[in-house]
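Novice: Here it is, the structure in full.
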Amino acid sequence: MAMDFFEHQEQARRQTTWLVVLFILAVLAIIAAVYGSVVAGLMLANSNTISWNDPRLILGVTTVVGLVVLMGTLYKLASLSAGGAAVAESLGGRLIQRNTHDPDEQKALNIVDEMAIAAGMAVPPIYVVQGSGINAFAAGFSTDDAVVGITQGAIRRLSRDELQGVIAHEFSHILNGDMRLNLRLVGVLHGILIIGLIGVSLIRSLRYMSHSRSSSNRKGGGGQIILLILALGVILSVIGYVGVFFGNVIKSAVSRQREYLADAAAVQFTRNPDGIAGALKKLGSTGGSIDHPRASELSHLYFAPGVFILFGNLLDSHPPLPKRILRINPSWDGVFPAAEKVELIPSTKDDFAAEQNRRREHQQQRSQQMIAILTGAGAAELATVGILGDSAIRNVSQVRQDKVAYASLLRNAIPPNITEAASDPYGSRAILYSFLLAKEARLREHQLDLITRLADETVAGLTHHLADTIPTLPTELRLPIVEISLPSLRQLSKPQFDRVLRVIDQLITADNQTTLREWALKRMVRRQYDIVHAHHQDPWGNARLTDHPSEVTRLLSLIAHAGSSNPAQAAQAFSHGAPLLDLTVNQPLPANLCRLDQFDTTIEPLSQLRPLEKRRLLEAAAKIIAADRVATAEEAELLRVIADTLAVPMPPILPGQKLT
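Here this note's numbering is used: the first residue of the sequence shown is 10, the next is one more, and so on.
Structure, rendered in structure tokens:
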């Protein structure tokens, strides 16, 4: 049985702990080696005054070496603190704009959209990096700051099924905590490498010292100092680079096993082994080269080795390509297809506008067909997508083919004008405001007037344009549309984002009440603001449910009252979930103490729960929502927004699917 999201997260936490232990042991070994070298050198220079166990010397060497390695590690991690975008840009990556006119780039965007919707997470940005080979990577510290990088060769050479297999492979790394471990490894190895770099710098400095020595130094005393510096430089270089070598051995061993798991996950996600197998076969013909000087530093992040690696058996961060293919396709004949020549920079066609119009008309027709299915005209087709009896919580991060198929249906149902609006910061804001417009005419006019007065002029105009389209769309499209809008929303400056939040508050309070849907939308937008412009907490917390009994009780009480029409019904629903968490109370808090505006302060501390504790909390929440055997679309959306706040990607609830 496949390991679930929460177990993967716990495993990644344990591996990070072991990484810290190995790092400490490596630093201690380096300190011992440097100390031995310093003592030996000083004894040779003045054997009568130096003792091998001099406490002051031990403290001095330990402090200096420890600080050098620590500062080197912290410096590298700080340079990557911006998340996946920093990694992609360090490789010369170019962000694919959502309004791109390149059909291959649009193909990649659509696949990533479908995968993200199927996983229940914000759509990650996509970067194109230079390279004629087939390669890709996922980078970031969590799903919040994750990005997907793809080489030009992969976008141009791979079919849609093959590219989907590669992207599914990278989503496995995103969902299972591999990215964070990979970036930690980069920082650790850089800290160790600093010792070697200092040694190299000492050796290089001798060239300048030799020119500046005085005539008296030439006659004797200066030569001994130069020899000592030379010896120290050589020793530090050897110690540093040997440390990096063995660190790379550990890094590569961890990475190889995770590549096998990601390949298997790609097959599980797409139910199409030929897709990723075909990509691996083409990789065997073209290679996976990434054209950047820093490519080797991040080799363990890639779909395939992006650079030539010495000592391949020890330092290769990926399993042998034939083994990867045979695990997916045991009947493979061992023959790689001939590499095809591709144009990496698409040519501009005179009839491009006509082609765009043709594609837009086709998308509009497909959207109408998919909306007909969602609204009941094609109930038989929709029934084949869902799998009855599946648990939403147990299937967190299990982006199976049925989820991808349903996500594809949702993605294709979004009208092209909405997709186009979601592709830029103006349109994404207009979409959010349109979702908050009331159905009652007078209140709606008041809200539109607020938007005209408070919002950017362009955004206000787009909102008026979309105001008649958004309300007519099926409920199921609400979250997918918001999710594909988030990448554009993240491009807003802090003042622009502050303005968005003010407008949203005004629209919500226009009728002096806050609905569940309004809170959910505001919460998603606020979370994006925190990710981009505020100090947001690390989602890898270490708290337990017993550390926050009052917050847990309040959250479950809020959920019980949100889905119930009276106190007795809320108490009944509460009793379904509370026992799972061993709470000392058996009744929810009174409704007047459980308001939607308290959700934020209640759930924030719970975002620092350990992964398995998050699962228990979500299972209890799902039990409460499903207590009356009817989970409304609003309640399912509430569960997914709570999961999002806990940094847990929850796939969309399929028709007929159980919450628990």
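Positions of the beta carbon are idealized from the N, C-alpha and C atoms, including for glycine.
Quantities reported herein were computed from a predicted structural model and do not represent experimental measurements.
1. Which complete alpha helix (DSSP H) runs does the region 596-647 hold, if anything under 4 residues is left out?
2. Determine the closest residue to residue 283 out of 326, 304, 333 and 484, with distance taken between C-alpha atoms.
3. Leaving out five residues on either side along the sequence, give the residues of the same chain with a beta carbon under 8 Å from the beta carbon of residue 33.
4. Checking 8 Å against the spacing of the C-beta atoms, do residue 463 and residue 439 come in under that value?
5. Checking the sheet assignment: what are the DSSP bridge partners for residue 236?
6. Bridge partners for residue 103 per DSSP, in chain order?
7. Going by DSSP in three states, residue 159 sits in which element: helix, strand or coil?
8. In the DSSP assignment, what residue or residues form a beta bridge with residue 552?
9. How far does the beta strand (DSSP E) with residue 147 in it reach, from first residue to last?
10. Given residue 650, which residues of its chain have a CB within under 7 Å of its CB, disregarding the five upstream and five downstream residues?
11. Look at the Cβ atom of residue 155, then the Cβ atom of residue 413, and state whether they are nearer than 8 Å.
12. Would you check if there are 3 or more beta carbon pairs closer than 8 Å linking the region 68-88 to the region 113-129?
13. Does residue 110 pass the burial test, meaning 16 or more other C-beta atoms within 10 Å, or should it be called exposed?
14. What's the gap between the Cα of residue 389 and the Cα of residue 522?
15. Look at the alpha carbon of residue 106 and the alpha carbon of residue 264, and state the distance between them as a whole number of angstroms.
16. Is residue 285 closer than 8 Å to residue 174 when the C-beta atoms are compared?
17. Rounding to the nearest angstrom, what Cα-Cα distance links residue 477 and residue 517 in this structure?
18. So, under 8 Å CB-CB, residue 274 and residue 151 are touching, yes? Tell me the CB distance rounded to an integer number of Å.
19. Tell me which same chain residues have a C-beta within less than 6 Å of the C-beta of residue 554, skipping the five on either side of it?
20. Excluding the 5 residues preceding and the 5 following residue 177 in the sequence, name in chain order all residues of the same chain whose CB lies nearer than 6 Å to its CB.
21. What does a CB cutoff of less than 6 Å around residue 207 pick up in its chain, not counting 5 residues either side in sequence?
22. So what does residue 311 bridge to, in DSSP terms?
23. My output table needs one value for residue 327: the three-state DSSP class, helix, strand or coil.
24. Residue 485: buried (16+ other C-beta within 10 angstroms of its C-beta) or exposed?
25. What first and last residue would you give for the alpha helix (DSSP H) that runs through residue 453?
26. Can you tell me whether residue 524 is helix, strand or coil according to DSSP?
27. Suppose you measure from the CA of residue 615 to the CA of residue 656; what does that come to, to the nearest Å?
28. Going straight from the alpha carbon of residue 293 to that of residue 447, what length do you get?
29. List the endpoints of the continuous alpha helix (DSSP H) containing residue 182.
30. In terms of alpha-carbon separation, which member of 198, 295, 525 and 348 lies closest to residue 309?
31. Between the alpha carbons of residue 133 and residue 118, how many angstroms are there, rounded?
32. Considering only C-alpha positions, which residue in the set 241, 423 and 442 is nearest to residue 513?
33. Measuring straight from C-alpha to C-alpha, what distance separates residue 422 and residue 377?
34. Given a threshold of 16 other Cβ atoms within 10 Å of its Cβ, counted over all protein chains shown, does residue 261 qualify as buried or as exposed?
35. Return the CA-CA distance between residue 584 and residue 550, expressed in angstroms with no decimal places.
36. For residue 78, name the three-state secondary structure that DSSP assigns.
Specialist: For this structure:
1. The qualifying runs are 608-612 and 620-634.
2. Per the Cα distances, 333.
3. Take residue 33, set aside five residues on each side of it, and no residue of its chain has a beta-carbon closer than 8 Å to its own.
4. Contact: no.
5. Listed as beta-bridge partners of residue 236 by DSSP are no residues whatsoever.
6. In the DSSP secondary-structure assignment, residue 103 is bridged to 137.
7. Look at residue 159 here: in three-state DSSP terms it is strand.
8. Per DSSP, 618.
9. Its beta strand (DSSP E) spans residues 145-148.
10. Same-chain partners within the cutoff: 529, 532 and 533.
11. Their beta carbons are not under 8 Å apart, which means residue 155 does not touch residue 413 by this criterion.
12. As far as the Cβ criterion goes, the region 68-88 does not touch the region 113-129, which means the pair count is below three.
13. By the C-beta density criterion, residue 110 is exposed, having fewer than 16 other C-beta atoms within 10 angstroms.
14. Below a pLDDT of 50, predicted positions are generally treated as unreliable, and residue 389, at 39, falls in that range; the measurement from the model is reported next regardless. Cα to Cα, residue 389 sits roughly 39 Å from residue 522.
15. Distance between the alpha carbons of residue 106 and residue 264: 31 Å.
16. Going by C-beta atoms, residue 174 is nearer than 8 Å to residue 285.
17. Cα to Cα, residue 477 sits roughly 19 Å from residue 517.
18. Contact check for residue 274 and residue 151: beta-carbon distance about 18 Å, past the 8 Å limit, so the pair fails to qualify.
19. Taking residue 554 as the centre and dropping the five residues before and after it, the same chain places the C-beta of 561, 590 and 622 closer than 6 Å to its C-beta, in chain order.
20. Cβ neighbours of residue 177 beyond the five flanking positions: 275, 278 and 279.
21. Cβ neighbours of residue 207 beyond the five flanking positions: 245.
22. In DSSP, residue 311 forms a bridge with 146.
23. Coil.
24. Burial check for residue 485: the Cβ neighbour count within 10 Å reaches 16 or more, so the residue is buried.
25. Residues 450-463.
26. Coil, per DSSP.
27. Approximately 11 Å between the Cα atoms of the pair.
28. Those two C-alpha atoms are separated by around 56 Å.
29. Run containing residue 182: 169-184, per the alpha helix (DSSP H) assignment.
30. The candidate whose alpha carbon is nearest that of residue 309 is 198.
31. The C-alpha of residue 133 lies about 10 Å from the C-alpha of residue 118.
32. In terms of Cα proximity to residue 513, the closest of 241, 423 and 442 is 442.
33. Looking at the two C-alpha atoms, the distance is approximately 7 Å.
34. By the 10 Å Cβ count, residue 261 comes out buried.
35. Spanning the two alpha carbons is a distance of roughly 28 Å.
36. Residue 78: helix per DSSP, three-state reduction.
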